[in-house]
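In the working numbering, the protein residues as written are 3 to 168. Glycine residues also receive a C-beta, built at the ideal position from the N, C-alpha and C atoms. Computed from a prediction, not measured in an experiment: that's the story for all the values here. Written out below as structure tokens is the structure these notes cover.
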């Protein structure tokens with residue numbers, strides 16, 4: 003089952019059972035035809051819709067779609083998304099943005115940021131030596147350094163917080 007949240011207000015639960023499509027538990031007659039440049043023509047219960055995806059954020063499963071000339075923001079959630087949320091794994095991506103953790107045990111060779119510093123995605127934040135190799139730990143998103151926990155020359159364990167970011 004897929005849940006489509008439209009404009010943060012209307013939720014459609016869409017489920018395929020064999021050849022049949024159900025929307026909010028009601029069987030629907032849906033036929034889609036791909037035209038060109040991502041434009042589609044949908045026939046839903048004998049009503050015609052011109053549908054085109056204007057923007058798509060794969061990581062967040064957010065779409066900006068235009069239906070018959072009107073634009074809608076849609077967020078898609080699948081059963082796997084709910085399962086990951088129940089297991090507490092959906093916050094893993096958010097946690098990575100809020101803090102930088104040691105990916106392995108090692109020695110902090112250098113700390114390249116300071117509290118309050120603005121950093122960009124891809125900036126090196128910490129240099130960590132592990133197994134006789136230096137590893138540059140980089141920011142995965144634009145952020146502000148909230149607190150530097152790591153100390154140059156200190157040994158760290160796997161998953162230990164090195165830098166808090168906001």
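Note down the Cα distance separating residue 19 from residue 32, rounded to an integer number of angstroms.
-> One C-alpha to the other measures close to 13 Å.
Would you give the residue range spanned by the beta strand (DSSP E) that residue 169 belongs to?
-> Residue 169 is absent from the structure shown; the chain starts at 3 and stops at 168.
C-alpha gap between residue 64 and residue 9, whole angstroms = Between residue 64 and residue 9, the C-alpha separation is close to 11 Å.
Under three-state DSSP, which class holds residue 81?
-> In the displayed model, residue 81 falls within a helix according to three-state DSSP.
Spatial distance of residue 129 from residue 62 (CA atoms) | Rounded to the nearest angstrom, the two C-alpha atoms are 30 Å apart.
Ordered along the chain, which non-local residues of its own chain (more than five positions away) have a Cβ less than 6 Å from that of residue 25?
-> For residue 25, the CB contacts under 6 Å within the same chain, skipping 5 residues up- and downstream, are 14, 16 in chain order.
Alpha-carbon spacing of residue 109 relative to residue 164, whole angstroms = Rounded to whole angstroms, residue 109 to residue 164 spans 11 Å at the Cα level.
With a threshold of 16 other CB atoms inside 10 Å of the CB of residue 156, please say whether the residue is buried or exposed.
-> Burial call: exposed.
Under the rule that 16 or more other beta-carbon atoms within 10 Å means buried, what is residue 172, buried or exposed?
-> No answer is possible for residue 172: the residues shown for the chain start at 3 and end at 168.
Beta carbon of residue 148, beta carbon of residue 117: below 8 Å?
-> Result yes, Cβ atoms of residue 148 and residue 117 sit closer than 8 Å.
Which word fits residue 167, buried or exposed, when buried means at least 16 other C-beta atoms lie within 10 angstroms of its C-beta?
-> Under this definition residue 167 is a buried residue.
Indicate the three-state DSSP secondary structure (helix, strand or coil) for residue 54 in the structure shown.
-> In the structure shown, residue 54 sits in a strand (DSSP, three-state: E or B).
Where residue 159 falls: helix, strand or coil (DSSP) | Residue state, collapsed to three classes: coil.
Do you know whose CA, among 4, 76, 29, lies nearest residue 11's CA?
-> Each of 4, 76, 29 was checked against the Cα of residue 11, and the nearest Cα belongs to 76.
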